[in-house]
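Here the structure is laid out as structure tokens; the discussion comes afterwards.
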Amino acid sequence: MLLARKPQKKRPQYYDLQLQPSSQLQAFGAVPVSGHTVALVFRLSRPRTWTFPAASFLLGYVLTAGWNITQLGIGMIIASFVTAATNIVNAYADRKEDVVNQPRRVFWLDQMGQKATIGAVIVFYGFSVALSIYLGLAYMIVLAVGIFNSAFYSLPPLRFKAHPLPSLISFSGAVGLAFLAGTSVTGHVNLLNPVLWLVTYFMFTYGTVKNLPDYSGDKKAGTKTTATVFGNIRRAVKFTTIILISPYVFLVGLTITGFLPAI
């Protein structure tokens, strides 16, 4: 006589919620692909870097246009969105260097895939252009220049960051153009504003700092930056230290000559 087997309890299924290779995204446990992608976009867009452009727009707007909360909010959102797109484009274009400098970014890009990456950039740029309609034609012109600078900072054929001086000029636009955008809401573009040149030059010099942590990866990839033009990292640090003092000298000069009123 055969003994009846007791029915076995079905074991619960557990899902690995760690990041999986892009080919396995369709079976990414119980987490929706859309939520996973949004998280990756958030990481690659590097929200902490949105501060400088948003604050620069705020400064330019308050100094010239007054205090309209709606316009101010829209402008700061656009400044943040363009910066987010810039960071994603930069990560996409710098895979070779980031294998050494930022391997996590390469991993996240593989997770997203090319279509999702391009889609995220289009969304950020698209929303920025759509929102800019509320800030006038002069602002939209400045934004167009900003988006051009944002994309070709990293992308070929221009790839400004591949050359030391164009790299710093383009990088300084992140703050300079944001400030100019803030002033342009009034309907006028004033390129002679002394504060514009001061904040732009400050960011120009700061660009030498951000190249220092990437020295090894840029050197191996053959990328010319203000750091890799020096034979070793120590010389690059000395150069950066000296040039960082110059914005304060520039500030004193603007004040003494009367171009910038003393507070």
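Numbering-wise, the working numbering puts 794 at position 26 of the sequence shown, and it's gapless, one number per residue. Even glycine gets a Cβ: it sits at the ideal position worked out from N, Cα and C. These numbers were taken from a predicted model, which means no experiment stands behind them.
Local conformation of residue i per DSSP, three classes
i: aspartate 986; result: helix
i: phenylalanine 947; result: helix
i: threonine 993; result: coil
i: aspartate 862; result: coil
i: valine 1020; result: helix
i: valine 868; result: helix
i: valine 913; result: helix
i: threonine 855; result: The question names threonine, but residue 855 in the sequence shown is asparagine. The answer is helix: DSSP assigns asparagine 855 an H, G or I state.
i: threonine 805; result: helix
i: valine 850; result: helix
i: valine 830; result: helix
i: phenylalanine 1027; result: coil
i: glycine 843; result: helix
i: glycine 941; result: helix
i: leucine 959; result: coil
i: threonine 1008; result: helix
i: proline 932; result: helix
i: isoleucine 1013; result: helix
i: isoleucine 810; result: Position check: residue 810 holds phenylalanine in this sequence, whereas isoleucine was assumed. Phenylalanine 810 falls in the helix class under three-state DSSP.
i: glutamine 953; result: The question names glutamine, but residue 953 is valine in the sequence shown. Reduced to three states, the DSSP call for valine 953 is coil.
i: phenylalanine 875; result: helix
i: phenylalanine 825; result: helix
Residue i, enclosing alpha helix (DSSP H) - first and last residue
i: tryptophan 818; result: Counting along the chain, tryptophan 818 falls outside any alpha helix (DSSP H), and DSSP gives it neither H nor E.
i: leucine 923; result: From DSSP, leucine 923 is part of no alpha helix (DSSP H); its letter is neither H nor E.
i: glycine 834; result: Neither: glycine 834 is in no alpha helix (DSSP H) and is coded neither H nor E.
i: leucine 899; result: 882-900
i: leucine 964; result: 962-978
Residue i versus residue j: straight-line alpha-carbon distance, rounded
i: phenylalanine 796; j: tyrosine 893; result: Low local confidence applies: a pLDDT of 34 at phenylalanine 796 is under 50, so the model's placement there is unreliable, with the coordinate-based value given in what follows. Straight-line Cα distance between these residues: approximately 29 Å.
i: glycine 834; j: threonine 951; result: 10 Å
i: alanine 949; j: alanine 898; result: 15 Å
i: threonine 976; j: aspartate 986; result: 13 Å
i: proline 962; j: arginine 816; result: 27 Å
i: phenylalanine 875; j: phenylalanine 920; result: 23 Å
Assigned exposure category for residue i - 16 Cβ within 10 Å defines buried
i: alanine 912; result: exposed
i: proline 871; result: exposed
i: histidine 956; result: exposed
i: threonine 994; result: buried
i: lysine 929; result: buried
i: valine 830; result: exposed
i: glycine 941; result: buried
i: glycine 914; result: buried
i: glycine 841; result: exposed
i: threonine 885; result: buried
i: phenylalanine 810; result: exposed
i: glycine 828; result: buried
i: arginine 1002; result: exposed
i: valine 910; result: buried
CB of residue i within 8 Å of CB of residue j, strictly
i: proline 821; j: alanine 847; result: yes
i: threonine 1029; j: phenylalanine 970; result: Looking at the sequence provided, one finds proline at residue 1029 rather than threonine. No, they are not a contact pair.
i: threonine 1008; j: leucine 980; result: yes
i: leucine 964; j: glycine 944; result: yes
i: glycine 843; j: leucine 905; result: no
i: valine 806; j: valine 857; result: no
i: phenylalanine 825; j: phenylalanine 947; result: yes
i: serine 813; j: asparagine 855; result: yes
i: leucine 1019; j: leucine 966; result: yes
i: lysine 992; j: histidine 931; result: yes
i: leucine 923; j: alanine 861; result: yes
i: asparagine 917; j: serine 938; result: yes
i: glutamine 879; j: leucine 808; result: yes
i: threonine 832; j: threonine 954; result: yes
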